[in-house]
Structures are given as structure tokens and as C-alpha cells.
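In this note's numbering, the protein residues as written are 4 to 518. Ideal Cβ positions, reconstructed from N, Cα and C, are used throughout, including at glycine. In this text the structure is predicted, and so the values were computed from the model without any measurement. Scroll down for the structure; my scribbles are underneath it.
Here it is in C-alpha cells:
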């Protein structure tokens, strides 16, 4: 530009000294109709602080990436177009070490699943590849999903697939193989116990193959609700089996008759004579005819039956609590991560807001000068656009930048407050309308995605209440999430309303959904 005596804009440079100060330069050639070229006039703006903030932001991003890389869980973030933004090596290895080198930023989630099928790594999809792929994509593109996945080499994974506020997806994968192994060890321990305690302290039963009566103990009768008797008709015994469990019973029984299994055993539901179903553990051992004529066939089976209803309920409860504990721990860690990231985002955002105010003031001061210059020089270009076209647009753009920065600041404050719950409640005077507004801001993306008809009605002059604002906000978030998840389609609506009942002196929050 200098050699051709042309103007230049946006030249970034640093001083060649220890200060490392940075500048952005703009220059215009100064010409005279008589004297010709007379040098340049221009503007140099010190951007050292902005440069340093940018470098700090890059350092923070690098630290965050390093932290995610070193967590024990697999993490992957996809953008709104379902393309991979970032994933740590643990997540790629969980997908499969064989295709890990192929998983790079920009690859779509659908392509990753196709690679799983291509390399034969999706056991559930063998023989039904198209259906499996569609099912996996549907689950991925829906709401929040938590599910178990059986990986290669007897590895179990807990997969949590979450939508992000920006429209992307966050996938967190945890190895719970040890938990599954403990569960399997518990099942094996129960089996050993049953084998060691055959018939002891449980109801006993004895059936001779081909007979129409089953000999039972009094406790076996009590488990099934029969009156005390030494025998039960075989048809009544079999009629107690839950319809959904009869195939399991038959398969296990035939396997034992054929010698496939050493013992006959299964857990199933039986109908008590009062109509209730109970879980029972049935165990038996067949006696084989060792004679030449008998050919090792079973001619009699005896064993025990025990009521395990309470144990099954406790197991189900324990599994739910275990998953909830895992989820709670992960959400706590995620909250800490989000709060830290929000803090780092807040610093450059404050700089953006302050600079937007400064630039708006500069533009307003320079407006009259530029107007006079436009009159003398007809029209001229700013940023490649005619000054007349952008004269009134620049203040609007700068105001939008400032407004957006303030909105980001508010969202970050809400996010930090929500992500860092206190251990002890703090009861203060709370404005319920403010709590509701904060909750709806946090869920703005989900609301837009789930319903086309969201109505928020906040009562005017609503009296303040005493409570913990943070925990109240969590309650409102939970109510809204439940309402949104219950909607069968986006055409259904959700209504949120606050009101005051003067007669009872009650402040009320009402959340209604069409689901």
C-alpha cells in the first residue's frame, strides 16, 4: 500500500522493544493537486490490553481443554449442526480405540455411528444397521438421555447425552464396569448361597416327573397363599406363574432336563392367592436315572422356593439410588466446571461492553466531522460501505453489541448462581417474579425447542416472600423442565403464572402444560 501510495486499514503490529505494546493502524495518503504526494495521515490505536485479554482467553481455553482431557470420564461437545467441536481421548477410546484416529473436530455424530457399524463395533446393530442408526440418532437428537451401553471386552458405560443452550449436544461417558462386576458378583454370591442352603429355611417342593401333584412344605404353601397341604395340583402350581415369566420357567426347566444346566433355578413372579404378584427364587436339582434303561434321564426334581420380593424392591431402589448418585456427582462436577468457565468468559465480555460504550461515544463525537467531510468529498467508504448507507446503522450496531454483552453478563450471573448450590439454605426476602424470570432465562433454549406457545404472566406488585432464592429457582427450573418434557408436540403450550391470593395471604406459582 505504501509503495503504491494507497490507503491501509487494520494493520496490527507490536513495538519492537520489551514493552510488547500492540497497535492497530489506519492510514490515508495526503495529496495536493500541485505538490502531489505529501505523506500520510492516520490513526494508531493502542490495543495492548485487548491483545493481552485475547492471549489470556486462549490460555484459559487451553487450560480448560487440558482439564477436560485429564478427567476420568469421556467428554464430547457437538455444535448445533451435530459436528464435533471437541472430545477428549477417553471419549474417543470409549467409542473404540480402532476408530479413535478417525474422530476429529468437524466429523458429525452420524458419521461416528456409521464408523461403528462399518467396523462391526455396534453389536446391537448387526443385521439391522439402518434401524439401529436411526434409533441412535433419534435418541441423540432428542432431549436429555441417560442410558447404559455395553462396549467391547465386557466393558459397561453410562452415557449421558444432554442438549446445550446453544443447540448442540454434550455427551459424558463413564466407565461403570466395576459397578456391573459388583452387581454380577452379588448375583453369583446369591447363587452360591442358594446352592448351599437348598431347602433350608425356605419352602420345599418335590415333583416326580409325570405326576399331576407337587409335594410342598407348609412354608411353600404360605408363599403362594395356599392353605397348608402336603400337595398342590401341578396345574395350580403352574397357573401361579406370571404370564410374562412362563417362557423363562419353561426354558430353564428344559435346559436342566437336557443337562444343559447343572441346576434348575430362576427368579420370577408368582401370583399369590390374594391376587398380588410376588417375586420368588426357585431352585431345584434333578435326580437322574443312572441305570442302563434310564439313560441318565431326570425322574424327580426337588428344591426350594423363597420369597425375594423385598430383595428385588431393594435392588431396584439401590440401582436407582446408584444411578442418581452418579448423576448427582457428575452434575456437581459439571456445575463447578461451568461456573469456572463462566467466570473466564465474564472478563472478556466486560471488555467488550466497555469498548462498545467507548466506540459509541467516539462515533457520536465523530459524526459531525464525518458529515462535513461527506459534504466536501461527496460520498466516501467506511469499512468498504458508503458512508451515507452506514451513517445511521453504526450506532445501532454498537448499541446491539453493548446490549448483547449486558445480556451475556446477566446469563452468566444466573448460570453461576444456579450451578453452585449452597449447602445450607439462606432465608432472605425474595421476589418470586425475579426468581421465575431467572429460571426462564436459563431454560430459554429448551423452551424454544419444546413449545411454540409459552406464556409467562407475572403479577404486578407481588409481595415479597421469605425463602432461599437459589433453591426456589431450582424448584422453578424442575417444574418447567418437567412441564416441557411432558409435551407430546411443540404445538402444545406451557403457561407460567404468579399471583397473590389476598384472602389467604399466599403468593402462588402456577405451571401448566398441555402434556
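May I ask you to list the residues that DSSP assigns as paired with residue i?
| i | result |
| --- | --- |
| residue 2 | Outside the modelled stretch of the chain, which goes from 4 to 518, sits residue 2, for which no answer is possible. |
| residue 269 | 285 |
| residue 215 | Paired residues: none, contrary to the question. |
| residue 210 | 304 |
| residue 90 | 79 |
| residue 402 | Note: residue 402 sits in no beta bridge, so no partner. |
| residue 49 | 26 |
| residue 166 | 172 |
| residue 385 | 388 |
| residue 459 | 499 |
| residue 111 | 86 |
| residue 224 | Answer is none; residue 224 lacks a bridge partner. |
| residue 510 | 503 |
| residue 39 | 35 |
| residue 44 | 31 |
What three-state label does DSSP hand residue i in the structure shown?
| i | result |
| --- | --- |
| residue 430 | coil |
| residue 95 | helix |
| residue 238 | helix |
| residue 133 | helix |
| residue 307 | strand |
| residue 248 | helix |
| residue 468 | strand |
| residue 413 | helix |
| residue 7 | coil |
| residue 160 | strand |
| residue 517 | coil |
| residue 290 | strand |
| residue 480 | helix |
| residue 496 | strand |
| residue 243 | coil |
| residue 32 | strand |
| residue 14 | strand |
| residue 275 | coil |
| residue 256 | helix |
| residue 376 | helix |
| residue 450 | helix |
| residue 393 | helix |
| residue 148 | strand |
Quick one: measure Cβ to Cβ for residue i and residue j, integer angstroms, because I've assumed they're closer than 8 Å.
| i | j | result |
| --- | --- | --- |
| residue 496 | residue 517 | 5 Å |
| residue 219 | residue 207 | 7 Å |
| residue 435 | residue 468 | 6 Å |
| residue 70 | residue 174 | Not a contact, Cβ separation roughly 17 Å. |
| residue 27 | residue 45 | So it is not a contact: roughly 11 Å between Cβ atoms. |
| residue 135 | residue 128 | 3 Å |
| residue 252 | residue 269 | 6 Å |
| residue 604 | residue 267 | The structure shown does not extend to residue 604, since the chain is modelled only from 4 to 518, so the question has no answer here. |
| residue 8 | residue 32 | 5 Å |
Going by beta carbon distance, what residues of the same chain come within less than 8 Å of residue i, once the five residues before and after it are set aside?
| i | result |
| --- | --- |
| residue 203 | Reliability of the predicted coordinates at residue 203 is poor, the pLDDT of 49 falling under 50, and the value obtained from them is presented with this limitation in mind. Once the five neighbours on either side are set aside, the close Cβ partners of residue 203 are 307. |
| residue 347 | 60, 63 and 67 |
| residue 413 | 444 |
| residue 298 | 292 |
Shortest alpha-carbon distance to residue i belongs to which of the options?
| i | options | result |
| --- | --- | --- |
| residue 245 | 279, 473, 224 and 386 | 279 |
| residue 349 | 416, 228, 81 and 226 | 416 |
| residue 358 | 402, 394 and 382 | 402 |
| residue 94 | 177, 119, 169 and 314 | 177 |
| residue 226 | 272, 431 and 394 | 272 |
| residue 498 | 289, 507, 485 and 510 | 485 |
| residue 73 | 92, 57 and 370 | 92 |
| residue 42 | 30, 48 and 412 | 30 |
| residue 438 | 256, 371, 112 and 510 | 510 |
| residue 476 | 452, 507, 418 and 488 | 418 |
| residue 365 | 352, 377, 397 and 387 | 397 |
| residue 119 | 182, 107 and 102 | 102 |
| residue 481 | 356, 309 and 449 | 449 |
| residue 399 | 389, 377, 360 and 381 | 360 |
| residue 454 | 490, 463 and 441 | 490 |
| residue 393 | 373, 409 and 290 | 373 |
| residue 143 | 167, 130, 312 and 123 | 167 |
Which residues in the same chain as residue i place their Cβ atom closer than 6 Å to its Cβ, once the five residues preceding and following it in sequence are excluded?
| i | result |
| --- | --- |
| residue 51 | 24 and 25 |
| residue 139 | 116 |
| residue 86 | 109 and 111 |
| residue 77 | 93, 94, 97 and 176 |
| residue 515 | 498 |
| residue 15 | 27 |
| residue 535 | Past the edges of the chain, shown from 4 to 518, lies residue 535, and the structure says nothing about it. |
| residue 384 | none |
With respect to 8 Å, is the separation between the Cβ of residue i and the closest non-hydrogen atom of the ligand GDP below this value?
| i | result |
| --- | --- |
| residue 387 | No copy of the ligand GDP occurs in the structure displayed, which carries no ligand at all. |
Who are the near neighbours of residue i in its chain, counting only those whose CB is closer than 7 Å to its CB and skipping five residues on each side?
| i | result |
| --- | --- |
| residue 277 | 228 |
| residue 488 | 146 |
| residue 432 | 467 and 469 |
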